[in-house]
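K.L.:
There are 2 protein chains.
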Amino acid sequence: MPMVGPLKLKAQLLCGDELAMGPGKADLLEAIVGEGSISGAGRKLGMSYRRTWLLVDTMNRCWAQPLVEATPGGGEGRGARVTPAGLEILAAYRALEAQLAKASEGPLKALEQRLLNAPRSSQHGASQDEA
Amino acid sequence: MPMVGPLKLKAQLLCGDELAMGPGKADLLEAIVGEGSISGAGRKLGMSYRRTWLLVDTMNRCWAQPLVEATPGGGEGRGARVTPAGLEILAAYRALEAQLAKASEGPLKALEQRLLNAPRSSQHGASQDEA
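Chains as they are written, first to last, in my numbering: chain G, 1 to 131; chain D, 1 to 131.
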């Protein structure tokens, strides 16, 4: 996801209860473009084949047209490609991210002035939180 | 976090490895304003006292000035208030969220046209994923 200085931005598109597009799925589409297969993309991203395949299946079920399709041929090493619709959706998502990053620059200034570079240590022995 | 139609946006401000401000911490500050105590705010948000207190501690360590301070008095039910610096940071964070929501409207249109209202069912018996 885009980082703008200390700001981390995340944009997720929902389709019902499922996540149609987000940072992980956009990265996966780019990896499929680069690797030419679902299995290769999963390896590149350090994901299991099953997980990679589930992400592709979810994407293909959430949009009017499939984003990824098998390339002709068959067998164990058969390939996959991102469809023209998938490439357009990927580009539109990256454009949305870029627009969000740009829009954050102004409002971020007031916050950055007060934000420390590193946290002070806790006076109470507290551990980190994640909220 | 702001929802813009099917789009879920999340903005997180990092201070080193810790999260200085995000949706949960902003909600917590608002609950402290409303409830007048850390324990009351935690109850309102359904969090344990320990967790609520850790979130406050993290915020107070990440910014140039504390965001939350104890109100005078003492004992079990002693109160807390959001400091003037805390109120300014909260307002600036909410302004950032609003700016992001506004900036997303244009780029979102191209995506919404292709997004289904609900996912098609899987042809392969796959379960949901969370990426």
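Just so it is clear, CB atoms sit at the ideal spot from N, CA and C, and this is done for glycine as well.
Just so you know, these numbers come straight off a predicted model, no measurement behind them.
When you check each C-beta in the stretch 14-39 of chain G against every C-beta of chain D, which residues fall closer than 8 Å?
P.N.:
Answer in chain order: L14, C15, G16, D17, E18, L19, A20, M21, G22, G24, K25 and L28.
K.L.:
Where does Q99(G) sit, in a helix, a strand or coil, going by DSSP?
P.N.:
Here residue 99(G) is taken as the residue at index 99 of the first sequence, counted from 1. If DSSP states are grouped into helix, strand and coil, Q99(G) belongs with the helices.
K.L.:
Run through chain G and tell me which residues come within less than 7 Å of L108(D), C-beta to C-beta.
P.N.:
Position 108 of the second sequence holds residue 108(D). Near L108(D) (Cβ distances below 7 Å), the residues of chain G are L96.
K.L.:
Report the CB separation of L100(D) from A92(G) in whole angstroms; it is logged as a contact under 8 Å.
P.N.:
Looking up residue 100(D) in the second sequence gives position 100. Looking up residue 92(G) in the first sequence gives position 92. Contact flag wrong, Cβ pair sits at about 17 Å.
K.L.:
Note down, in chain order, every chain G residue with its Cβ under 8 Å from the Cβ of L100(D).
P.N.:
The residue given as residue 100(D) occupies position 100 in the second sequence. The contacting residues are L9, L100, A103 and S104.
K.L.:
Inspect the beta-carbon positions of C62(G) and A26(G) and report whether they are closer than 8 Å.
P.N.:
Here residue 62(G) refers to the residue found at position 62 when the first sequence is read from its first residue. Here residue 26(G) refers to the residue found at position 26 when the first sequence is read from its first residue. Going by C-beta atoms, C62(G) is not nearer than 8 Å to A26(G).
K.L.:
Bridge partners for R81(G) per DSSP, in chain order?
P.N.:
The residue labelled residue 81(G) in the question sits at position 81 within the first sequence. E69(G).
K.L.:
So, are the CB atoms of L116(D) and L7(D) less than 8 Å apart?
P.N.:
Here residue 116(D) refers to the residue found at position 116 of the second sequence. Here residue 7(D) refers to the residue found at position 7 of the second sequence. Against a cut-off of 8 Å, the Cβ pair of L7(D) and L116(D) comes out as no contact.
K.L.:
With 8 Å set as the bound, which would you pick, yes or no: does the beta-carbon of L116(D) sit closer than that to a beta-carbon of chain G?
P.N.:
By one-based count along the second sequence, residue 116(D) stands at place 116. L116(D) counts as touching chain G.
K.L.:
Indicate the three-state DSSP secondary structure (helix, strand or coil) for M21(D) in the structure shown.
P.N.:
The residue you call residue 21(D) lines up with position 21 of the second sequence. Residue state, collapsed to three classes: strand.
K.L.:
With a CB to CB cut of under 7 Å and the five nearest residues on each side skipped, what residues in its chain are close to W53(D)?
P.N.:
Along the second sequence, one-based indexing puts residue 53(D) at 53. Closer than 7 Å at Cβ, skipping near neighbours: I38.
K.L.:
If contacts are defined as beta-carbon pairs under 8 Å, then G86(D) and L29(D) qualify, I think. What distance do you get, rounded to the angstrom?
P.N.:
Your numbering for residue 86(D) matches position 86 in the second sequence. Your numbering for residue 29(D) matches position 29 in the second sequence. At roughly 6 Å, the Cβ-Cβ gap stays under 8 Å, so G86(D) and L29(D) are in contact.
K.L.:
Residues in its own chain within less than 8 Å of V68(G) by CB, not counting five upstream and five downstream?
P.N.:
As a position in the first sequence, residue 68(G) is number 68, starting the count at 1. Contacts found: L29, I32, I38, V56, M59, N60, A80, R81, V82, T83 and G86.
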